[in-house]
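Chemist:
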Amino acid sequence: MNKEELFENYKELLKNILGEEPKIHFENGKLKIFKDANRNFVLFGSEFLSDLEEFAAPLLRISGKEYIDEIFKFYQDKIKDKEKTIKIIIATSSVMTGWGVAEEISRTENSAKMRVYDSFEANAYIKRNKKTDKPVCSFIGGVLQGLYENYFGKKVKVKETQCAATGAPYCEFEIKVKE
Ligand SMILES: [Zn+2]
410 MNKEELFENY
420 KELLKNILGE
430 EPKIHFENGK
440 LKIFKDANRN
450 FVLFGSEFLS
460 DLEEFAAPLL
470 RISGKEYIDE
480 IFKFYQDKIK
490 DKEKTIKIII
500 ATSSVMTGWG
510 VAEEISRTEN
520 SAKMRVYDSF
530 EANAYIKRNK
540 KTDKPVCSFI
550 GGVLQGLYEN
560 YFGKKVKVKE
570 TQCAATGAPY
580 CEFEIKVKE
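Residue 420 in this note's numbering sits at position 11 of the sequence shown; the count goes up by one each step and never skips.
#1: In chain order, what residues of the same chain lie with their CB nearer than 8 Å to the CB of I602, ignoring the 5 residues before and after it?
#2: If you measure between the beta carbons of I549 and G576, is that distance less than 8 Å?
#3: Measuring CA to CA, which of E583, L461, I497 and L556 is closest to R524?
#4: Which residues end up in the neighbourhood of ligand 1 when you take C-beta atoms closer than 7 Å to any of its heavy atoms?
#5: Quick one: grab the DSSP three-state call for E475.
#6: Could you pull the start and end residues of the alpha helix (DSSP H) that K365 belongs to?
#7: Note the first and the last residue of the continuous beta strand (DSSP E) segment covering F548.
#8: Could you tell me how far apart the beta carbons of K412 and V504 are, in whole angstroms, since I believe they sit closer than 8 Å?
#9: Determine whether the beta carbon atoms of V552 and G473 lie at a separation below 8 Å.
#10: So, is S528 buried or exposed, given that buried needs 16 or more other C-beta atoms within 10 angstroms?
#11: By Cβ distance, which residues of its chain are closer than 6 Å to K539, with the 5 residues on each side in sequence left out?
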């Protein structure tokens, strides 16, 4: 599926499953997770990511994971269905956050493969014409770690096997349950 088709499918899916607005959304330039959340999220221009480089990677990874830990629990409590929860999070993340458009390519009982178009982290390099030969998408890696650790109920290892920042057409991640 191409990224435009994915985007439209996700919007439809969210309408059908939730029957209401998704809980992650941008409002007046601020990212909000829950309507009643009384929390601060500090955002900055994603272009700066390419200046921070590896220095910021661990922090970005943890931030991504913690976002999704919270969101997963929220939807899981509400919907009580892991399969729908994972679909909702992929869809909301793809259409509401500006992080990128994700497509789950495959999943087994202990692994998954995820493709991400338009990663905001890779775009930070591409837009500034900054060269790198290593994958750069730490935040999204953390998001996927949180997503699949909640889904599998086990620790997972996430590896970005190709990244748009290095010239690939999209980013791709392998997720494996740690034995
Ligand atoms: Zn990437």
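No residue lacks a Cβ here, since even glycine has one placed at the ideal position from N, Cα and C.
Modeler: To lay it out plainly:
#1: Given that the chain is displayed from residue 410 to residue 588, the structure contains no residue 602 and the question cannot be resolved.
#2: no
#3: E583
#4: V525, S528, E530, A531, P544, V545, C546, I549, E569, C572, A573, A574 and C580
#5: helix
#6: There is simply no residue 365 to check, as the chain begins at 410 and stops at 588 in what is shown.
#7: Per DSSP, F548 belongs to no beta strand (DSSP E); it is in the alpha helix (DSSP H), S547 to F561.
#8: Actually they are not in contact, since the Cβ atoms of K412 and V504 sit about 11 Å apart, beyond 8 Å.
#9: yes
#10: buried
#11: S459
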